[in-house]
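S.K.: Attaching a single structure in structure tokens format; questions to follow.
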Amino acid sequence: MNFLAPLFLAGAAVVILPVLFHLIRRSVRRRREFSSLMFLKLSPPRLVRRNRIEHWLLLLLRCAAIALLALAFARPFLQRPVALPPGTGARQLVLLVDRSASMRRERLWDDALGHLRRWAQQAGPNDQIAVYAFDRALKPIVTFNQWTELAAGGRVQTVLERAGQIGPGWDISDTGRALIRAIEIMDEDRGADHAPRERKIVLISDLQEGSKTEALNRYDWPDDVQVLLEPVRARNVNNAGIQPLFDLEEDARGKGPALVRCRIINDRQSARAQFQLRWQAPGTAPALGVNVPPAQARVFNAPPRSQTNSIGELLLAGDDSDFDNHAFFATPAIHPLRVALAGAEPPNDPAGLGFYLRRAFGEGGGQPAGIVPPAGVAYSEAELREVDCIFLTGGAGAADLAAARAAVEGGKTAVVVVKDSAAAGALNQLLGRETAAVTEANISSQYAMLAEIQFQHPIFAIFADPRFSDFTKIHFWKHRRLSLRDENVRVLARFDDGDPALVEIPLAAGRILVLTAGWHPADSDLALSSKFVPLVHSIVEYTRPPRQTRLMFHVGEAIDIAGLLNTNTNTNAIATAGSLRVRNPQGTEQPVPALNPLFTPETPGIYWALHHERTLPFAVNLDPAESRTAMQGNDFFERLNVPLEAGTASSEVKSAGLIQRRLQNEELEGRQKLWRNLVLAAIGVLLVETWLGGWLTRRALGNAPA
Amino acid sequence: MSSAPGPTPAPESQFRKGFIDPQALMSIRNLELRARIVVQGFWHGLHRSPFHGFSVEFTEYRAYAPGDDPRYIDWRLYARSDRYYIKKFEEETNLRCILSVDQSHSMGFGTIGFTKAEYARTLAATLAYFLFQQGDAIGLITFDDAVRDFLPPRHRRGQLRHVILRLEAPSEGKATDLRVPMRWMLDHVRKRSLFVLISDFFAPLEELAKVFRSLAACGHQVVIFHLLDPEESNFDSHDPVLFQDLESRAELFIDPPVARAAYLERLETHRRKLRDLCQSHAITYQPVTTSQPLEVVLFDFLRLQLSRRKRHVRRTRQ
Chain A
0 MNFLAPLFLA GAAVVILPVL FHLIRRSVRR RREFSSLMFL KLSPPRLVRR
50 NRIEHWLLLL LRCAAIALLA LAFARPFLQR PVALPPGTGA RQLVLLVDRS
100 ASMRRERLWD DALGHLRRWA QQAGPNDQIA VYAFDRALKP IVTFNQWTEL
150 AAGGRVQTVL ERAGQIGPGW DISDTGRALI RAIEIMDEDR GADHAPRERK
200 IVLISDLQEG SKTEALNRYD WPDDVQVLLE PVRARNVNNA GIQPLFDLEE
250 DARGKGPALV RCRIINDRQS ARAQFQLRWQ APGTAPALGV NVPPAQARVF
300 NAPPRSQTNS IGELLLAGDD SDFDNHAFFA TPAIHPLRVA LAGAEPPNDP
350 AGLGFYLRRA FGEGGGQPAG IVPPAGVAYS EAELREVDCI FLTGGAGAAD
400 LAAARAAVEG GKTAVVVVKD SAAAGALNQL LGRETAAVTE ANISSQYAML
450 AEIQFQHPIF AIFADPRFSD FTKIHFWKHR RLSLRDENVR VLARFDDGDP
500 ALVEIPLAAG RILVLTAGWH PADSDLALSS KFVPLVHSIV EYTRPPRQTR
550 LMFHVGEAID IAGLLNTNTN TNAIATAGSL RVRNPQGTEQ PVPALNPLFT
600 PETPGIYWAL HHERTLPFAV NLDPAESRTA MQGNDFFERL NVPLEAGTAS
650 SEVKSAGLIQ RRLQNEELEG RQKLWRNLVL AAIGVLLVET WLGGWLTRRA
700 LGNAPA
Chain B
0 MSSAPGPTPA PESQFRKGFI DPQALMSIRN LELRARIVVQ GFWHGLHRSP
50 FHGFSVEFTE YRAYAPGDDP RYIDWRLYAR SDRYYIKKFE EETNLRCILS
100 VDQSHSMGFG TIGFTKAEYA RTLAATLAYF LFQQGDAIGL ITFDDAVRDF
150 LPPRHRRGQL RHVILRLEAP SEGKATDLRV PMRWMLDHVR KRSLFVLISD
200 FFAPLEELAK VFRSLAACGH QVVIFHLLDP EESNFDSHDP VLFQDLESRA
250 ELFIDPPVAR AAYLERLETH RRKLRDLCQS HAITYQPVTT SQPLEVVLFD
300 FLRLQLSRRK RHVRRTRQ
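If you read the sequences in order, they're chains A and B.
Residues in the first sequence are numbered consecutively from 0, following numbering that gives the first Met the number 0.
Residues in the second sequence are numbered consecutively from 0, following numbering that gives the first Met the number 0.
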């Protein structure tokens, strides 16, 4: 039997009082007459040796009442017995050793190996033990079968050797998934012929706050598995980590090289706030002093550097642990928009289409030029293959049209602006067949407006927001009516009279976008609208292959190397078998399968994706969660509903286990309510005692001498 | 002429030899007989003592001068001293004595075979017998919380018998009020008298001072016999019992070995208070235990009276 409030059992010592009272009880029968009591005062009773207890039953009843009340106040309960399954009675243990990046601090890994050694040495002859290292996933050191096959004398050595070979890694710690997987392994190993006496998971870890435990939130923990914590504790707790950030848009807006920023995270238990930030490469600017209070994170601009490389390494100094003080950068190359404009219009004619298009792509005013002029009289196919989009504004020559068609068939996009009915010929030449017919539309009112717009199409997606979706202010005085016999035509926008305004015609690998009205003042005031520049940019962006801007990853993250190369090198095709490789920071190359070009880095640093002559650097960093090295708080395991074995947890988590045990005990006692039975028994005893005491008193008075 | 110097009182131990043990005396049922035995025993003891002529100390003497009435020549003294002495104020040596006996319930306590009340009656009867023999007038007051009986002091034939009979009468025995007999005395006895109060004095003493003063102012002489049982004086019992007050019937659990020291201290305080009260009012205080032979008590009483009378004579002569 256990007690919720065992201190009340001390009240049972009060049972000595009835014994004393019985011994010093004064007899009513013994009276003596005296002349006067004026000089006498009441004497306290005293025990003498010859006193004896006369009414044993009464005494026992009184003692029993006191004892029952003391027991009731102590709130007893019967601990639910652990059903010991029949069988050989062997323990089934899984030893989980944390090998995440945070275990690289100080001597944590050595301490973990010490725990491992102790557990391996304490193993009983019938115990079934498996040892696994875990970070993001489980890595076997010694499985159950291997343990059984090993000679008893060599198990400890084998465990230590294999664990030493694995060592701590750089990945995150997913403690939740590791615990669940350990239970699954125990279930798989437990055969039908025997059932272990107890099942236990020994978790050897630094129990950092950054470890992942979400998997346990929805997990139904089995009743017969307990977790025993063996925490390893760092002596120096001042730790700050660095996480790289960079801003691509800054560079795209032409503000110079990509702005490199970083986030510095200072741990909760850290006592330091001053750190230094500098570039790893020699000859860079002096270190930058930064201030980050404990338990907070700050974003800082990296110190300036003379060379604007797309890769680099930032170093953080000033804390006790170096493992998370390196931030590797790899910024993608920025490709400006390149547009070809083929047409017979004078370039600076404000009545022409090209005048506005040049300004929309930044020609003039000091902006990088987006319009790529032909090297010769007309564009060549090769030139057009290098641009993102081809605008045909009318009057383009046959050579331009031929080159454009070839480029479109190769995957490019051509935008044809139908200014007049003569544009049908250019269109047919592009299409390679006589399918288009163009007539001048008759606008009944003063102007036409865009009415049916496909906002879900990527070209108009940027205008989908209700704040930007109003095109009624753009007036079209003229437009052409286009008829196409091609069933593949997709109308992206119509005028309010129902005529198509923008159509998309796929052609081989590319496409042709046809605008049935120009943006010049003769046709409309579109060029003067605030929507003109984003519209033409959107058309060009639509025609470009998708670019992957991200070149920074975390350790353990699967990276599509082929996709990385394609999007960042503006190519569409890769890879024959064996041609794709990755070079790690140590300089070693390893092949990546073409069919499944996923690569998982295991260490932080600058990697290189290689394909023939193309190379692409990408950076791999530590997960920022590993920088949260403070040990878990007291409610950690309580929140996870993970049953801890009593008496073995560390002082920080021991109270969590104690709290949980106390709650369990309170719940058990609340269900059993044994105190009520004890109180009832005490009341019954007191009733009997009262009756017996009265009967004895009456009998004594009846026998007393007159 | 000064009175003849009195002999030094013999040690009590010399007197005790041959005296009757009080327990044996109390076994005599007749009170007058008891008194007679005590007085005779007293005289007998006195004659055995080396001090003779004790009785002559009870009179005033002066040398015979020509012209004195020869009827007052003390011939016994002449026989012893061969000189003529005249008994002076002999008629003034005849006392008027009122014996006041406490008959309250507390006097009914006794542990040596008889109660304090029996002893007090015997003592009163003895004094009455002795004084009556000496020619003194005797009277009686019996009281508890009120005067129960009163005999005015007389020296007539049959007065002693009346006193004895009144003493032998059974008493109700109630609570004690010590002022009662003295107030009665003040109200009913005009002539200067000897007031002898025999009581255990188990009552508050606060009101006695006023009455004592009144008695002294009226010229009365007061002698107090503070009578206690040996158990009351020593508190020697051992068993813890429920003590019951004889007068109030109140009960109290007492463990004698535990309570003895405090009891004796309080009793001694009470005695001292009473003694001081008597001393401050020129009252003769005589503590008596019921285990004491009455002859000795009588002897001490007479001795104290003699020494008091000497002091009085000395003052009147100056």
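No residue lacks a Cβ here, since even glycine has one placed at the ideal position from N, Cα and C.
Note that the coordinates shown come from a computational prediction; the quantities given were computed from them, not determined experimentally.
1. Quick check: is the beta carbon of P43(A) nearer than 9 Å to any beta carbon in chain B?
2. Give me, in chain order, the residues of the same chain whose beta-carbon lies closer than 8 Å to that of E588(A); leave out the 5 immediate sequence neighbours on both sides.
3. Please say whether P229(B) and S290(B) have beta carbons closer to each other than 9 Å?
4. When you compare only the Cα positions, how much space is there between H611(A) and A329(A)?
5. Count the CB pairs spanning the region 200-207 of chain A and the region 134-149 of chain A that are closer than 8 Å, and state whether there are at least three.
6. Would you decide whether P1(A) is buried or exposed? Buried here means 16 or more other CB atoms lie within 10 Å of its CB.
7. Considering only residues of the same chain and omitting the five flanking positions on each side of Q132(B), which have a CB-CB separation below 8 Å?
8. Among the residues of its own chain, which have a CB less than 8 Å from the CB of N640(A), if the five just before and after it don't count?
9. With respect to the beta strand (DSSP E) encompassing Q589(A), which residues constitute its N-terminal and C-terminal limits?
10. Please go through the same chain and pick out, in chain order, the residues whose beta-carbon is closer than 6 Å to the beta-carbon of V195(B), but skip the five residues on each side of it.
11. Please list, in chain order, the chain A residues whose beta carbon lies closer than 7 Å to that of E319(B).
12. For the region 250-260 of chain B against the region 27-41 of chain A, are there 3 or more C-beta pairs whose distance is under 8 Å?
13. Mind checking which residues open and close the alpha helix (DSSP H) that includes Q156(A)?
14. In the region 362-430 of chain A, which residue ranges form an unbroken beta strand (DSSP E) of at least 3 residues, counting only runs that do not cross its ends?
15. Count the other CB atoms within 10 Å of the CB of Q455(A); is the residue buried (16 or more) or exposed (fewer)?
16. Who pairs with V721(A) in a beta bridge, going by DSSP?
17. Taking 8 Å as the limit between beta carbons, can you name the residues of its chain near A68(A), skipping five residues before and five after?
18. For E246(B), go through chain D and note every residue whose CB falls closer than 7 Å to its CB, in chain order.
19. Does E91(B) come within less than 9 Å of chain A when only Cβ atoms are used?
20. Do you know how far the Cα of L60(A) is from the Cα of H225(B)?
21. Per DSSP, what kind of secondary structure is Y446(A) in: helix, strand or coil?
22. Mind checking R675(A): buried by the 16 CB within 10 Å criterion, or exposed?
23. Is E56(B) close to chain A? Criterion is C-beta to C-beta, closer than 9 Å.
24. For Y606(A), count the other beta carbons within 10 Å of its own beta carbon; 16 or more makes it buried, fewer makes it exposed. Which is it?
25. Quick one: which chain A residues come within Cβ less than 9 Å of P286(B)?
26. Along chain B, in chain order, which residues have C-beta atoms closer than 7 Å to that of L39(A)?
27. Given that a residue counts as buried once 16 or more other Cβ atoms are within 10 Å of its Cβ, and exposed if not, what is L134(B)?
28. Would you verify that the beta carbon of F142(B) is, or is not, closer than 9 Å to some beta carbon of chain A?
29. Check each residue of the region 181-206 of chain B: if its Cβ is closer than 7 Å to any Cβ of chain A, include it; give the result in chain order.
30. Going by DSSP in three states, K40(A) sits in which element: helix, strand or coil?
31. Measure the C-alpha to C-alpha separation of I264(A) and L314(A) and round it to an integer number of angstroms.
32. Do V417(A) and A516(A) come within 9 Å of each other at the CB atom, strictly closer than that value?
33. Taking the straight line between their C-alpha atoms, what separation do you get for A703(A) and A64(A)?
34. Does L266(B) have its Cβ less than 9 Å from a Cβ in chain A?
35. So what does DSSP say about V162(B), is it helix, strand or coil?
36. Would you give the residue range spanned by the alpha helix (DSSP H) that C217(B) belongs to?
M.R.: For this structure:
1. It does; some Cβ of chain B falls within 9 Å.
2. Leaving aside the five residues that flank E588(A) on each side, the residues in its chain whose CB is nearer than 8 Å to its CB run, in chain order, R580, V581, R582, L609.
3. Yes, they are a contact pair.
4. Distance between the alpha carbons of H611(A) and A329(A): 20 Å.
5. Between the region 200-207 of chain A and the region 134-149 of chain A there are fewer than three C-beta pairs closer than 8 Å, too few to call the two in contact.
6. One point to set straight first is that residue 1(A) is Asn, not Pro, in the sequence displayed. Exposed is the call here.
7. Its chain contains V38 as the residues whose beta carbon lies nearer than 8 Å to that of Q132(B), once the 5 sequence neighbours on both sides are disregarded; these appear in chain order.
8. Result list for N640(A): L215, W220, in chain order.
9. First-last of the beta strand (DSSP E) with Q589(A): 588-590.
10. In the same chain as V195(B), and ignoring 5 residues on each side of it, the C-beta atoms closer than 6 Å to its own belong to L98, V222, in chain order.
11. Chain B is shown only over 0 to 317; residue 319(B) falls outside these bounds and no answer can be derived.
12. Look at the beta carbons and you see the region 250-260 of chain B touching the region 27-41 of chain A: at least three pairs across the two are nearer than 8 Å.
13. Counting along the chain, the unbroken alpha helix (DSSP H) around Q156(A) starts and ends at 154-165.
14. With a minimum length of 3 residues, the continuous beta strand (DSSP E) runs that stay inside the region 362-430 of chain A are 388-391, 412-416.
15. Classified as exposed, Q455(A) has fewer than 16 neighbouring CB atoms from the shown chains inside 10 Å of its CB.
16. Limits of chain A in this structure are 0 at one end and 705 at the other, which puts residue 721(A) out of reach.
17. Reading off the sequence shown, one finds Leu at residue 68(A), where the question assumed Ala. Same-chain partners within the cutoff: G10, L677, V678, A681.
18. Note that chain D does not occur in the displayed structure, where the protein chains are A and B.
19. The predicted model places E91(B) with a pLDDT of 44, which falls under 50 and marks its position as unreliable, so this point remains unresolved.
20. Between H225(B) and L60(A), the C-alpha separation is close to 54 Å.
21. Coil.
22. Answer is exposed; the Cβ neighbour count stays below 16.
23. Confidence in E56(B) is poor, its pLDDT being 42 and thus under 50, which makes the residue's placement unreliable; the coordinate value appears in the next sentence. At a cut-off of 9 Å between beta-carbon atoms, E56(B) makes no contact with chain A.
24. So Y606(A) ends up on the buried side.
25. The contacting residues do not exist; P286(B) stays about 15 Å from chain A at best.
26. Chain B residues near L39(A): F242, L251, I253, A258, Y262.
27. It should be noted that the sequence gives Gly, not Leu, for residue 134(B). With fewer than 16 other Cβ atoms from the protein chains shown falling within 10 Å of its own Cβ, G134(B) counts as exposed.
28. Cβ-Cβ to chain A under 9 Å: no for F142(B).
29. Under the 7 Å Cβ criterion, the region 181-206 of chain B contributes D199, F201.
30. The DSSP-derived three-state label of K40(A) is coil.
31. The straight-line gap from Cα to Cα measures roughly 13 Å.
32. Between A516(A) and V417(A), the C-beta spacing is below 9 Å.
33. Residue placement at A703(A) cannot be trusted, given a pLDDT of 48 that sits under 50; the coordinates are not used to answer.
34. Interface residue, yes.
35. V162(B): helix per DSSP, three-state reduction.
36. Looking at the DSSP string, C217(B) is not in any alpha helix (DSSP H), and its letter there is neither H nor E.
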